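The structure appears right after this line, and notes come after that.
There are 2 protein chains.
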Amino acid sequence: MFTLSEENYLKAIYHLELSSDKGISTNAIAEQLTTKASSVTDMIKKLSEKKVVVYKKYKGVTLTNTGKKIASNIVRKHRLWEVFLVEKLNFSWDEVHDVAEQLEHIKSPKLINQLDALLGFPTHDPHGDPIPDEDGNLKTIEKSLLSTLQKNESGICVGVDDSSSEFLQFLDKKGIILGKKITVLEKEDFDNSFAIQIDDKKLSISNKIANNLYIRKI
Amino acid sequence: MFTLSEENYLKAIYHLELSSDKGISTNAIAEQLTTKASSVTDMIKKLSEKKVVVYKKYKGVTLTNTGKKIASNIVRKHRLWEVFLVEKLNFSWDEVHDVAEQLEHIKSPKLINQLDALLGFPTHDPHGDPIPDEDGNLKTIEKSLLSTLQKNESGICVGVDDSSSEFLQFLDKKGIILGKKITVLEKEDFDNSFAIQIDDKKLSISNKIANNLYIRKI
DNA sequence: TTTAATTTTTAGACATGTCTAAAAAAATAT
DNA sequence: ATATTTTTTTAGACATGTCTAAAAATTAAA
């Protein structure tokens with residue numbers, strides 16, 4: 077059995093491994109968890125003894141298969157709870173993270189299986205991130221950044237890169253919601269901003285926004 | 077903010093105070109939490125400094141108003157989650173306790189308010205125990221032990237005293253479920269057992285069972 | 001390739017919450 | 001009322017997870 081702290085370390089390493097193929101550095105983990113590198117070293121030794129990470133001094137860590145399974149299960153729980161909060165309890169997508177961060181540590185396989193069923197076995201969370209299945213497999217979707225669309229191309233909004241509540245609230249305000257069709261009307265060369273159409277509304281979005289919004293090309 | 081451990085102490089004291097009007101002894105708390113009296117003394121000092129209990133050496137503790145509010149809120153969460161597990165996730169009443177014991181510590185007022193609404197503002201949990209409202213008030217029901225019924229009297233099953241999973245599973249097996257009407261057909265003097273009728277089934281239950289089952293007389 | 005900068009680890013400290021064993025206080029019995 | 005038993009508290013210890021400061025290893029730069 078793993079403590080709350082151990083689970084958070086495993087989850088952090090899991091996330092870092094998805095965007096890197098090298099071993100994960102002590103510093104990277106420390107930053108992810110807003111703790112100190114020395115604390116990370118201590119914890120890593122413990123996790124290594126428990127056979128959930130492979131650790132060689134100064135060489136960073138990687139998850140073992142067991143570790144990967146435990147970590148993906150925590151992510152699975154996190155994302156299922158996020159869906160629950162939005163679908164059943166009327167949370168908006170910018171409010172779910174902190175609560176899910178707590179709920180992801182609840183231990184009860186039956187709870188998660190039943191929740192999964194109640195929600196209709198969702199494959200993605202409210203931010204468009206994939207929900208791992210029980211074996212840790214992710215259903216990946218061929219998604220691109222909105223910024224890669226050319227003039228007159230369209231896509232369905234399927235996710236966000238930055239899921240800070242500021243960004244999510246900003247999208248809400250603009251009427252940008254997962255599932256909506258977005259068409260690029262114009263690309264402005266001088267500042268790389270975009271004129272887009274959503275429903276029958278035209279609006280202009282900055283390059284920064286376009287680089288944080290995923291769409292599935294259609 | 078209170079730690080998990082502090083919350084468990086507050087809850088334990090809350091439960092003990094409901095069945096006692098004196099200060100709660102160190103030993104009683106230790107037993108409730110299966111810990112040692114010395115640990116309890118330590119924790120009580122901390123809680124006393126935080127103004128949630130009143131503590132005088134050797135005299136036991138009582139909750140302050142703040143303490144009572146915090147504790148009843150934890151109980152509220154526990155019981156709402158139990159209802160959720162039974163009503164929405166198909167748990168049976170003997171499976172909910174351990175999971176609710178974890179869920180009760182999740183911190184999010186919105187979560188609880190929305191959950192309350194989703195469940196239709198229930199007043200009692202699956203074992204018939206009252207769910208405190210936001211101010212800690214309990215809707216008490218005039219309930220009696222089944223053993224107090226006389227021959228040919230009837231009652232609606234509204235709760236259990238012992239909610240161990242063994243007892244609850246036993247009741248399930250016998251078809252005794254909250255809300256069912258029970259009629260006493262016979263009281264056997266020599267062993268104080270009861271012949272009762274439930275639906276159109278007649279069955280015999282021991283005195284021990286009759287002393288653990290609450291009914292509302294009709 | 002030797003030096004400088006960065007990263008990582010170690011050593012020692014601290015807070016939390018627990019424990020055992022012994023001392024102190026309170027309750028009970030003779 | 002004194003002695004005995006029980007309850008409660010204190011003192012000192014330990015595990016967990018964290019930190020700071022210093023040492024060691026690695027990486028980058030001159």
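Protein chains in written order, with the working numbering: chain U, 77 to 294; chain B, 77 to 294. Where a beta carbon is used, it is the ideal one built from N, C-alpha and C, also for glycine. In this text, all values refer to a predicted model and were calculated from it rather than measured experimentally.
What is the DSSP secondary structure of residue i, counted as helix, strand or coil?
{"i": "U/Gly235", "result": "strand"}
{"i": "B/Glu229", "result": "coil"}
{"i": "B/Ile298", "result": "Lying before the first or after the last residue shown, residue 298 of chain B is absent from chain B, which here runs from 77 to 294."}
{"i": "B/Leu86", "result": "helix"}
{"i": "B/Leu221", "result": "strand"}
{"i": "B/Ile291", "result": "strand"}
{"i": "B/His91", "result": "helix"}
{"i": "U/Ile105", "result": "helix"}
{"i": "U/Ile207", "result": "coil"}
Are the Cβ atoms of residue i and residue j separated by less than 7 Å?
{"i": "U/Asp281", "j": "U/Lys256", "result": "In the sequence as displayed, the identity of residue 281 of chain U is Ile instead of Asp. Not a contact, by the Cβ cut-off of 7 Å."}
{"i": "B/Ile82", "j": "B/His181", "result": "Checking the displayed sequence, the identity of residue 82 of chain B turns out to be Glu instead of Ile. Not a contact, by the Cβ cut-off of 7 Å."}
{"i": "U/Gly99", "j": "U/Gly136", "result": "yes"}
{"i": "B/Asn287", "j": "B/Leu221", "result": "yes"}
{"i": "B/Leu293", "j": "B/Val260", "result": "In the sequence as displayed, the identity of residue 293 of chain B is Lys instead of Leu. Going by C-beta atoms, B/Lys293 is not nearer than 7 Å to B/Val260."}
{"i": "B/Thr199", "j": "B/Ile207", "result": "yes"}
{"i": "B/Tyr134", "j": "B/Lys219", "result": "no"}
{"i": "B/Asp201", "j": "B/Arg155", "result": "yes"}
{"i": "B/Lys145", "j": "B/Gly231", "result": "no"}
{"i": "B/Ala176", "j": "B/Tyr90", "result": "no"}
{"i": "B/Ala106", "j": "B/Ala113", "result": "yes"}
{"i": "B/Thr140", "j": "B/Val159", "result": "no"}
{"i": "B/Thr138", "j": "B/Val151", "result": "no"}
{"i": "U/Phe270", "j": "U/Lys263", "result": "yes"}
{"i": "B/Asn268", "j": "U/Gln190", "result": "no"}
{"i": "U/His203", "j": "U/Ser168", "result": "no"}
Using the rule of at least 16 other Cβ atoms within 10 Å of the residue's Cβ for burial, across every protein chain shown, is residue i buried or exposed?
{"i": "B/Ile272", "result": "buried"}
{"i": "U/Ile285", "result": "buried"}
{"i": "B/Pro185", "result": "exposed"}
{"i": "U/Phe197", "result": "exposed"}
{"i": "B/Ile253", "result": "exposed"}
{"i": "B/Asp322", "result": "Here chain B covers residues 77 to 294 and nothing more, so residue 322 of chain B does not appear."}
{"i": "U/Gly251", "result": "exposed"}
{"i": "U/Glu171", "result": "buried"}
{"i": "B/Leu179", "result": "buried"}
{"i": "B/Leu80", "result": "exposed"}
{"i": "B/Met119", "result": "buried"}
{"i": "B/Leu94", "result": "exposed"}
{"i": "B/Asn149", "result": "buried"}
{"i": "B/Glu153", "result": "Sequence check: residue 153 of chain B is Lys here, not Glu. Buried."}
{"i": "U/Thr110", "result": "exposed"}
{"i": "U/Thr216", "result": "exposed"}
{"i": "B/Lys87", "result": "buried"}
{"i": "U/Asp237", "result": "exposed"}
{"i": "U/Asp276", "result": "exposed"}
{"i": "B/Asp174", "result": "exposed"}
For the region 144-171 of chain U, which residues have a CB atom closer than 9 Å to at least one CB atom of chain B, in sequence order? Within the region 144-171 of chain U, the qualifying residues are Leu161, Lys164, Leu165, Asn166, Phe167, Glu171.
Name the residues in the region 183-212 of chain U whose C-beta lies less than 8 Å from a C-beta of chain B; which are they? Of all residues in the region 183-212 of chain U, those with a C-beta nearer than 8 Å to a C-beta of chain B are Lys183, Ser184, Lys186, Leu187, Gln190, Leu191, Leu194, reading in chain order.
Quick check on the DSSP output: what are the complete alpha helix (DSSP H) runs of length 4 or more inside the region 116-186 of chain B, in order along the chain? Listed in chain order, the alpha helix (DSSP H) runs fully inside the region 116-186 of chain B are 141-163, 172-179, counting runs of at least 4 residues.
Name the residues in the region 237-249 of chain U whose C-beta lies less than 9 Å from a C-beta of chain B; which are they? If you check each beta-carbon in the region 237-249 of chain U against every beta-carbon of chain B, none falls closer than 9 Å.
Residues of the region 128-142 of chain U with a CB closer than 9 Å to any CB of chain B: list them in chain order, please. Cβ contacts with chain B come from no residue of the region 128-142 of chain U.
Please specify which runs of the beta strand (DSSP E), each continuous and at least 3 residues long, are wholly inside the region 248-282 of chain B, giving them in chain order. Complete beta strand (DSSP E) runs here, min 3: 257-263, 270-274, 277-281.
Contact set between the region 249-268 of chain U and chain B, restricted to residues whose Cβ is under 7 Å from the partner: Of all residues in the region 249-268 of chain U, none has a Cβ within less than 7 Å of some Cβ in chain B.
Looking at chain U, which residues of the region 101-127 of chain B have a Cβ within less than 9 Å of any of its Cβ atoms? When C-beta distances to chain U are compared with 9 Å, every residue of the region 101-127 of chain B stays at or above that value.
With 8 Å as the C-beta to C-beta threshold (strictly closer), list the residues of the region 223-236 of chain U near chain B in chain order. Result list empty, no residue passes.
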